[in-house]
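A.B. asks: The structure follows.
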Amino acid sequence: MKVLEDAEIPYGVLAGNHDVGHQDNDYTKFQQYFGEDRFKNNSTFAGSYDNNRGHYDLVSSNGNDFIIVYMGWGLGDTEIDWMNEVVAKYPERKAILALHEYMLVSNNRAPIADKIFEKVVKPNKNVIAALSGHYHDAQLKVDELDDNGDGAPDRKVFQMLADYQGAPEGGLGYIRLMQFDMKNNKIHMKTYSPYLDDYNFYDPQAQPGKDEFTLDLDLAPKTKQVATDYIGVNVYTDQLIGSNTKVQSGTQTTVNWTNLIPNTYQQWYTKAEDQNSGSTKSDIWGFYTGATGDGGHPEVPGGGGNTGGGSGNGGGSGSGGSTNSGNQGTGTTTSSVKPVPPATTAPVQGEIILTPSADGRYQADLAALDQAITETTNGKIIIRLDYKNTSGTASVIQLPAASIQKAKNNNVSIIIVAPDVTLTLSAASLPDQLQDSDYIVLRMDTTMNASMQNAINQTIANHREYTLSGLVYTLSMVKVKGKTETEIHDFKGPITVERSLPTVMKNSKNIDYAGVYSLNGSKPEYMGGTFIGDTVTFTTNHFSSFAVLEYHKQFADVTGSWAEEYISKLTAKHIIQGMDDNHFGPKLNVTRADFVTLAVRALEPDQQAMGDSFSDVPANAYYADAIAKASKLGWIQGNGGEFRPKDTISREEASVILIKMADDLRKSSGATSSQAVFKDMNQVSIWAKEAVSKANTLGLIHGKGNNVFDPKGSVTREEVAKMMYVLLHK
Numbered sequence: 001m002k003v004l005e006d007a008e009i010p011y012g013v014l015a016g017n018h019d020v021g022h023q024d025n026d027y028t029k030f031q032q033y034f035g036e037d038r039f040k041n042n043s044t045f046a047g048s049y050d051n052n053r054g055h056y057d058l059v060s061s062n063g064n065d066f067i068i069v070y071m072g073w074g075l076g077d078t079e080i081d082w083m084n085e086v087v088a089k090y091p092e093r094k095a096i097l098a099l100h101e102y103m104l105v106s107n108n109r110a111p112i113a114d115k116i117f118e119k120v121v122k123p124n125k126n127v128i129a130a131l132s133g134h135y136h137d138a139q140l141k142v143d144e145l146d147d148n149g150d151g152a153p154d155r156k157v158f159q160m161l162a163d164y165q166g167a168p169e170g171g172l173g174y175i176r177l178m179q180f181d182m183k184n185n186k187i188h189m190k191t192y193s194p195y196l197d198d199y200n201f202y203d204p205q206a207q208p209g210k211d212e213f214t215l216d217l218d219l220a221p222k223t224k225q226v227a228t229d230y231i232g233v234n235v236y237t238d239q240l241i242g243s244n245t246k247v248q249s250g251t252q253t254t255v256n257w258t259n260l261i262p263n264t265y266q267q268w269y270t271k272a273e274d275q276n277s278g279s280t281k282s283d284i285w286g287f288y289t290g291a292t293g294d295g296g297h298p299e300v301p302g303g304g305g306n307t308g309g310g311s312g313n314g315g316g317s318g319s320g321g322s323t324n325s326g327n328q329g330t331g332t333t334t335s336s337v338k339p340v341p342p343a344t345t346a347p348v349q350g351e352i353i354l355t356p357s358a359d360g361r362y363q364a365d366l367a368a369l370d371q372a373i374t375e376t377t378n379g380k381i382i383i384r385l386d387y388k389n390t391s392g393t394a395s396v397i398q399l400p401a402a403s404i405q406k407a408k409n410n411n412v413s414i415i416i417v418a419p420d421v422t423l424t425l426s427a428a429s430l431p432d433q434l435q436d437s438d439y440i441v442l443r444m445d446t447t448m449n450a451s452m453q454n455a456i457n458q459t460i461a462n463h464r465e466y467t468l469s470g471l472v473y474t475l476s477m478v479k480v481k482g483k484t485e486t487e488i489h490d491f492k493g494p495i496t497v498e499r500s501l502p503t504v505m506k507n508s509k510n511i512d513y514a515g516v517y518s519l520n521g522s523k524p525e526y527m528g529g530t531f532i533g534d535t536v537t538f539t540t541n542h543f544s545s546f547a548v549l550e551y552h553k554q555f556a557d558v559t560g561s562w563a564e565e566y567i568s569k570l571t572a573k574h575i576i577q578g579m580d581d582n583h584f585g586p587k588l589n590v591t592r593a594d595f596v597t598l599a600v601r602a603l604e605p606d607q608q609a610m611g612d613s614f615s616d617v618p619a620n621a622y623y624a625d626a627i628a629k630a631s632k633l634g635w636i637q638g639n640g641g642e643f644r645p646k647d648t649i650s651r652e653e654a655s656v657i658l659i660k661m662a663d664d665l666r667k668s669s670g671a672t673s674s675q676a677v678f679k680d681m682n683q684v685s686i687w688a689k690e691a692v693s694k695a696n697t698l699g700l701i702h703g704k705g706n707n708v709f710d711p712k713g714s715v716t717r718e719e720v721a722k723m724m725y726v727l728l729h730k
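Position one of the sequence shown corresponds to residue 1 (full-length UniProt numbering), numbered consecutively onward.
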């Protein structure tokens, strides 16, 4: 295998009965050499089961997407369930199952293969082939399956046996090759021995088609539909604004842009060139001209003091955008783009703009702030900071105490828009009893200063599962009387903090593991955090140091499980927890109380615990609040005044709650419930039939194989992890 690795050719391996302790299926030695660590960096490797006892690859070529699922010797129901989960996860990919034992020399399936056929091959319409060895022979069995129930076959499944161990020297090196002829929609099967440099172990004259044959398969490139949050297109024009020559490296240069149309959005860029044909363009920058005669000036990209973005041919990131021997500017005029707030502007109803004073503070005028509070018609005012520095800075805002008291009395929220942070102080959160205060000072700092670094070190030093993403916040508020400052740490209402995400974090694959944490003690305190588009938002009722951390918790009994990703990501959001610090208990059944607790924790409904009370739910039970909230939301009802919190939840009961949650998230509108989807639908309670069908359609819960749902069956912790994850991310 080292030959393949040295050539950087991705490959997969599965264990046969001679590769493990076949009496007790001991994989210790196999995993020593072929465990997950050996494969996880392969370009096609996508996931592992039980340290590579099974794994799967994702391969794409010429418009065709494949998933190859490997499973070694000694598999049982648990391994088959994992295979089914993995294949079902990628319905758009053609699936190939690679197994040690499947086909017999009689060209029939082995008993374990019949289970695989019923629980993996038949339910998943994307399975096209199953490959196997173990028995010394070469066979091909083709089954035609009717996937839509119309009586006509919809696909062929090619099941192959290829095992040449009966030949001398352990098989003479014969291997089976699959060639995908996408131009002609064919798979060409060949058998070759690199040891002998010979094709066909069996005599092709005596046994034609034994080793070499061709299969028909639709391999036409498939059109893909891709969803994205944002697509931007920048257009550079040749409209010249002005140019300068012989500009010395490291200096600033300017050009004047005159006769601009009022109240329009203008865009410009710089092009820097040198005498050696070096050339580069800056980003496109923009500004709003404002009303006629307002005297505003467009903001200098990159902030004050930065005179260029590079050496040699420059980068256009500072004033003028050039650090070389010459530059020119070009621009466009358009009124169809949403304007960027002007540097200075006339007052807008319910909104004021603050410019920094000489000491860098933003100070609100009492009259202007009172006017905004009085004039607002939507219960909020906006304070925009006309910042002169780039993001990642500290902002100090001074607000008159009398105005804050007036906003609170009038039930007006205050929204402060800073460089890369937007703070929404609800009316309830505003401090009161300010008659003895002159003003309020709010500090918002997003820099990694020494104090913040110390807070991070103290908080996560002994918790290796946490890593810093790079985003930090320090929020503080004091009320001031004369020269006396009194810190305000806790608030009586919610404060919402919205932060812009850097590009590297927006595109990170680890965003599902990230959250906002308060750094107040020896362990990070999870604050939540909603990542949407290019922002992260969280709510707090206290000020302190905050940071966006990634939480990668590993449980010893989950590693390699089909549900590991679901469990890890929900653990990162603190929706689910382990049984102890090292064990999750994935196979344990879930009680009704715990299912409801997880459901409420997942959706975080804004409800007070005032639902129906149940006689068997103690008021001091850890699940009492969640059950009360779920009852108020209509997720649960109970029976005869009882909830049966300690009973194991059934699959049909779970389906009902899941669909009610989906309704609240408005995710169930496209799900159909008109068709009985399982053979045992007659065993599903009347009150659960619609929910079971919808939950299956939405992918929240599936059957157990052989098209059976098992409505009264139990639900395990790993199954709940998948249900909640799919619900939240569908």
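Here a beta-carbon is modelled for each residue, glycine too, at the ideal position from N, C-alpha and C. Please read all numbers here as calculations on a predicted model, not as lab measurements.
Output yes or no for whether 8 Å exceeds the beta carbon distance between Lys186 and Asp216.
C.D. replies: Contact flag set, yes.
A.B. asks: Check whether the Cβ atoms of Asp45 and Val13 lie closer than 8 Å to each other.
C.D. replies: Rather than Asp, the amino acid found at residue 45 in this sequence is Phe. No, the Cβ-Cβ distance between Phe45 and Val13 is not below 8 Å.
A.B. asks: Suppose the cutoff is 8 Å on Cβ atoms and the five residues either side in sequence are ignored; what does the same chain contact list for Gly16 look like?
C.D. replies: So the list reads Gly72, Trp73, His100, Gly133 and His134, once near-sequence residues are dropped.
A.B. asks: Helix, strand or coil for Thr390? Go by DSSP, reduced to three states.
C.D. replies: Low confidence applies here, because Thr390 scores a pLDDT of 45, under 50, leaving its location unreliable; read the following figure in that light. Coil, per DSSP.
A.B. asks: The beta strand (DSSP E) that contains Pro123, what's its start and end?
C.D. replies: Pro123 -> no beta strand (DSSP E), and no H or E assigned at all.
A.B. asks: If you draw a straight line from the alpha carbon of Asp594 to that of Gly482, how long is it in whole angstroms?
C.D. replies: Using only the alpha carbons, I get a separation of about 54 Å.
A.B. asks: At which residues does the alpha helix (DSSP H) containing Gly171 begin and terminate?
C.D. replies: Start and end: Pro168 to Gly171.
A.B. asks: Could you spell out where the beta strand (DSSP E) holding Met71 opens and where it closes?
C.D. replies: Asn64 to Met71 is the extent of the beta strand (DSSP E) around Met71.
A.B. asks: Put Ser61 into one of helix, strand or coil per three-state DSSP.
C.D. replies: In this structure, Ser61 counts as strand in the three-state DSSP scheme.
A.B. asks: My output table needs one value for Pro400: the three-state DSSP class, helix, strand or coil.
C.D. replies: Reduced to three states, the DSSP call for Pro400 is strand.
A.B. asks: Among the residues of its own chain, which have a CB less than 7 Å from the CB of Leu145, if the five just before and after it don't count?
C.D. replies: Excluding sequence neighbours, Leu145 sits near Lys122, Pro153, Asp154, Arg155 and Val157.
A.B. asks: So, under 8 Å CB-CB, Leu366 and Ala402 are touching, yes? Tell me the CB distance rounded to an integer number of Å.
C.D. replies: Indeed, because the Cβ distance is near 7 Å, the residues count as touching under 8 Å.
A.B. asks: Going by the beta-carbon positions, is the gap between Ile373 and Ala407 smaller than 8 Å?
C.D. replies: Yes, Cβ-Cβ distance for Ile373 and Ala407 is below 8 Å.
A.B. asks: Got a sec, what are the start and stop residues for the alpha helix (DSSP H) Ala368 sits in?
C.D. replies: Element bounds for Ala368: Leu366 to Glu375.
A.B. asks: Round the Cβ separation of Phe614 and Gly641 to the nearest angstrom and send it over; I've been treating them as touching at under 8 Å.
C.D. replies: Going by Cβ atoms, the distance from Phe614 to Gly641 rounds to 6 Å, so yes, they are a contact pair.
A.B. asks: List the DSSP bridge partners of His55.
C.D. replies: Paired residues: Ser48 and Tyr70.
A.B. asks: Helix, strand or coil for Thr571? Go by DSSP, reduced to three states.
C.D. replies: In this structure, Thr571 counts as helix in the three-state DSSP scheme.
A.B. asks: Does the count of Cβ pairs from the region 473-480 and the region 561-577 closer than 8 Å reach three?
C.D. replies: Touching, no, given that fewer than three Cβ pairs across the two stretches are closer than 8 Å.
A.B. asks: As a quick exercise: from Leu260, Ser48 and Ala628, pick the residue whose alpha carbon is nearest that of Thr597.
C.D. replies: When only C-alpha atoms are compared, the closest one is Ala628.
A.B. asks: Just how far apart, CA to CA, sit Leu196 and Pro168?
C.D. replies: If you take the alpha carbons of Leu196 and Pro168, they lie about 12 Å apart.
A.B. asks: Are the beta-carbon atoms belonging to Pro711 and Val692 less than 8 Å from one another?
C.D. replies: Yes, they are a contact pair.
A.B. asks: Label Arg464 either buried or exposed according to how many other C-beta atoms from any shown protein chain fall within 10 Å of its C-beta, with 16 as the threshold for buried.
C.D. replies: By the 10 Å Cβ count, Arg464 comes out exposed.
A.B. asks: Taking only runs of the alpha helix (DSSP H) that begin and end inside the region 131-155, which ones reach a length of at least 4 residues, in chain order?
C.D. replies: Segments of the alpha helix (DSSP H) lying fully in the region 131-155: there are none.
A.B. asks: Does the region 682-696 come into contact with the region 617-624, if we say contact requires no fewer than three beta-carbon pairs (one atom in each stretch) closer than 8 Å?
C.D. replies: Taking 8 Å as the limit for Cβ pairs, the verdict is that the region 617-624 does not touch the region 682-696.
A.B. asks: DSSP three-state call for Met1: helix, strand or coil?
C.D. replies: Looking at Met1 - three-state DSSP - the assignment turns out to be coil, as it is neither helix nor strand.
A.B. asks: For the 8 Å Cβ check, are there 3 or more pairs between the region 510-522 and the region 421-433?
C.D. replies: No: fewer than three Cβ pairs fall under 8 Å.
A.B. asks: Buried or exposed: where does Asn327 fall if 16 or more other Cβ atoms within 10 Å of its Cβ makes it buried?
C.D. replies: Any answer about Asn327 is weak, because its pLDDT of 40 lies below 50 and its placement is not dependable; what the coordinates show is given next. Answer is buried; the Cβ neighbour count reaches 16.
A.B. asks: Can you check the UniProt domain "SLH" (614-672) for any alpha helix (DSSP H) of at least 4 residues that lies completely inside it and give the ranges in chain order?
C.D. replies: Within the UniProt domain "SLH" (614-672), the complete alpha helix (DSSP H) runs of at least 4 residues are 624-633 and 651-664.
A.B. asks: Where does the unbroken beta strand (DSSP E) through Thr459 begin, and where does it stop?
C.D. replies: Taken as a continuous stretch (DSSP letters only), Thr459 belongs to no beta strand (DSSP E), being part of the alpha helix (DSSP H) at Ala450 to Ile460.
A.B. asks: Quick check on DSSP: helix, strand or coil for Thr254?
C.D. replies: It is coil, neither helix nor strand.
A.B. asks: Grab the span of the beta strand (DSSP E) containing Tyr725 for me, first residue to last.
C.D. replies: Looking at the DSSP string, Tyr725 is not in any beta strand (DSSP E); the run it does join, the alpha helix (DSSP H), is Arg717 to His729.
A.B. asks: Rounding to the nearest angstrom, what Cα-Cα distance links Lys115 and Thr459 in this structure?
C.D. replies: Going by the C-alpha atoms only, they are around 50 Å apart.
A.B. asks: Helix, strand or coil for Ser279, going by three-state DSSP, please let me know.
C.D. replies: Strand, per DSSP.
A.B. asks: Start and end of the alpha helix (DSSP H) containing Gln31?
C.D. replies: Thr28 to Phe34 is the span of the alpha helix (DSSP H), which, as asked, contains Gln31.
A.B. asks: With C-beta atoms as the reference, is Arg361 less than 8 Å away from Gln398?
C.D. replies: Yes, the Cβ-Cβ distance between Arg361 and Gln398 is below 8 Å.
A.B. asks: Please work out which residues of its chain come closer than 7 Å, Cβ to Cβ, to Asn62, disregarding the five sequence neighbours upstream and downstream, and give them in chain order.
C.D. replies: Correct list, in chain order: Met182 and Pro221.
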